[in-house]
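This report refers to the structure that appears directly beneath it.
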Amino acid sequence: MTLSRTAAIHMVAQQTSSKPAGVAHGDAATIADISAGLLAPQATTSPKYFYDSLGSHLFEAICELPEYYPTRTEAAIFARHGAEMAQRLGPGATLVDLGAGNCAKAASLFPLLQPRQYVPVDISSDFLQQAVSQLRQRFPAIAITPLVTDLAQPLLLPPSVPAARRQFFYPGSSIGNFTPHEAVAFLRQVRENVGADGGLLIGVDLVKDPAVLDAAYDDAIGVTAAFNLNLLRHLNHLAGANFDPLQWRHVAFFNDAESRIEMHLEARCALSVQWQGGERSFAQGERIHTENSYKYTVAGFTRLLADAGFRVDGTWTDDAHWFAVMHAAAAYA
Ligand code: AVI
């Protein structure tokens, strides 16, 4: 007799009596943040918890998927218009790379941008340190000053980063993972750090056919599903929770009214979860909202930048207008 995967998962889920909550490795603020999200009427978690070491590698794999157009579309825009972008920035700037990951995007632009100093900023310390040691060998003339920080926290650059000629680099449409309100607050903070003579080079994912968007966040071989489900393993580690990933399934769809992709984890059966200092029951079909990825128009994002004190002086898109790279300068001194 053969057993379908769904039936097998269902049986496992029904038979699994939950394991006791484990040891929490996160600090008190992290555990409190996770706990508050899980206990909210609509359970939610911050997308920053996707990025443990495995999550960062899974995100790299997502970027290779045929369905996930943003990475290759943005790369094609850089390849085609990089020289013009470099003219806007000018050589010898300090390039501050927000959410640098493996630093590959910025590094591929070094020959064109010719920065004097490179400041990769990321939440994942291991990932960043590995990338930086390779970069130092490849580009010995560029001063590299890595900064491990959560971009949701106030951005404080170390004194070794000169105040003049700062160009912030925020590719990959990560700005879409903030709500528009949070995005303006974040960009205002960047604006404060830019000074009068700096700027921001930013990648923005644009509104398009929802079928293209849905496929990009629910790929055929399940890499995005693994990325979403790995969050539960990370919560187990950070908060000592006892999530069983087999009891959850990945859900992703475009919410037209909000102009955003939503990712959720949906309980396959009625279950309960414990973590350090908290517990919650989930009904079958109940969801944890794990990520938003907002999609903008060029006009809409130009307005958002203006609200944050920036003036757009360059916009480059692909032929299909799926993605935009924009350069913005300080709108006032
Ligand atoms: C990091 N960020 C821009 C990605 C996005 O497209 O919103 C995260 C992601 N989530 C699922 N796939 C990719």
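Residue numbers (this note's numbering): 2 to 334.
Every residue gets a Cβ at the ideal spot worked out from N, C-alpha and C, and that includes glycine.
Exercise. Residue ranges of each beta strand (DSSP E) run of no fewer than 3 residues wholly in the segment 64-100, ordered along the chain?
Worked result: 95-99
Problem set entry | Backbone secondary structure at residue 308 - three-state DSSP | helix
Exercise. CB residue 224 to CB residue 40, shorter than 8 angstroms?
Worked result: no
Exercise. At what residue ranges does the segment 93-138 contain a whole run of the alpha helix (DSSP H), taking only runs of 4 or more?
Worked result: 105-114
For this session: Indicate whether residue 276 and residue 22 have their beta-carbon atoms separated by less than 8 angstroms.
Result: yes
Problem set entry | residue 168, enclosing beta strand (DSSP E) - first and last residue | 167-171
Exercise. Is the segment 67-79 touching the segment 210-229 in the sense that three or more CB pairs, one from each, lie closer than 8 angstroms?
Worked result: yes
For this session: Give the single residue among 210, 237, 130 whose Cα lies nearest to the Cα of residue 280.
Result: 237
For this session: Measure from the C-beta of residue 296 to each C-beta in chain B and report whether the shortest distance is under 8 angstroms.
Result: In summary, chain B is missing from the structure at hand, where a single protein chain is found.
Problem set entry | Three-state class that DSSP yields for residue 225 in the structure shown | helix
Problem set entry | residue 287 versus 294, 269, 304, residue with shortest Cα-Cα distance | 269
Problem set entry | Cα-Cα separation between residue 17 and residue 284, rounded to whole angstroms | With a pLDDT of 45 at residue 17, under the threshold of 50, the modelled position of that residue is not reliable, and the figure given next carries that caveat. Spanning the two alpha carbons is a distance of roughly 15 angstroms.
Problem set entry | Residues near residue 57 in its chain [Cβ-Cβ closer than 6 angstroms; skip 5 each side] | 125, 128
Problem set entry | Any beta strand (DSSP E) of 3 or more consecutive residues that is wholly inside the segment 249-321 | 249-256, 261-268, 272-276, 279-283, 288-295, 311-318
For this session: Enumerate in chain order the residues of its own chain whose CB-to-CB distance from residue 272 is below 6 angstroms, with the five nearest sequence positions on each side excluded.
Result: 248, 283
Problem set entry | Backbone secondary structure at residue 151 - three-state DSSP | coil
For this session: Could you tell me which residues DSSP pairs with residue 45 in its beta bridges?
Result: 290
Exercise. At what residues does the alpha helix (DSSP H) containing residue 328 begin and finish?
Worked result: Looking at the DSSP string, residue 328 is not in any alpha helix (DSSP H); the run it does join, the beta strand (DSSP E), is 324-331.
Problem set entry | Run of the beta strand (DSSP E) containing residue 205, from where it starts to where it stops | 200-206
For this session: Go ahead and label residue 322 buried or exposed: buried means 16 or more other beta carbons lie within 10 angstroms of its beta carbon, across all protein chains shown.
Result: exposed
Exercise. Helix, strand or coil: how does DSSP classify residue 144 here?
Worked result: strand
Exercise. For the putative contact between residue 191 and residue 170, defined by C-beta atoms under 8 angstroms, what is the C-beta separation to the nearest angstrom?
Worked result: Residue 191 to residue 170, Cβ: 10 angstroms. No contact.
Exercise. How many whole angstroms separate the CB atoms of residue 252 and residue 265, which I take to be in contact at a CB cut-off of 8 angstroms?
Worked result: 4 angstroms
Problem set entry | Contacts around residue 209, its chain only, beta-carbon distance under 6 angstroms, and the 5 residues preceding and following it disregarded | 323
Problem set entry | residue 178 beta carbon near the ligand AVI (any heavy atom closer than 7 angstroms) | yes
Exercise. Mapping DSSP to helix, strand and coil, what is residue 177?
Worked result: helix
Problem set entry | residue 26 to residue 36 span [Cα, whole Å] | 14 angstroms
Exercise. Does the ligand AVI have even one heavy atom less than 7 angstroms from the beta-carbon of residue 86?
Worked result: no
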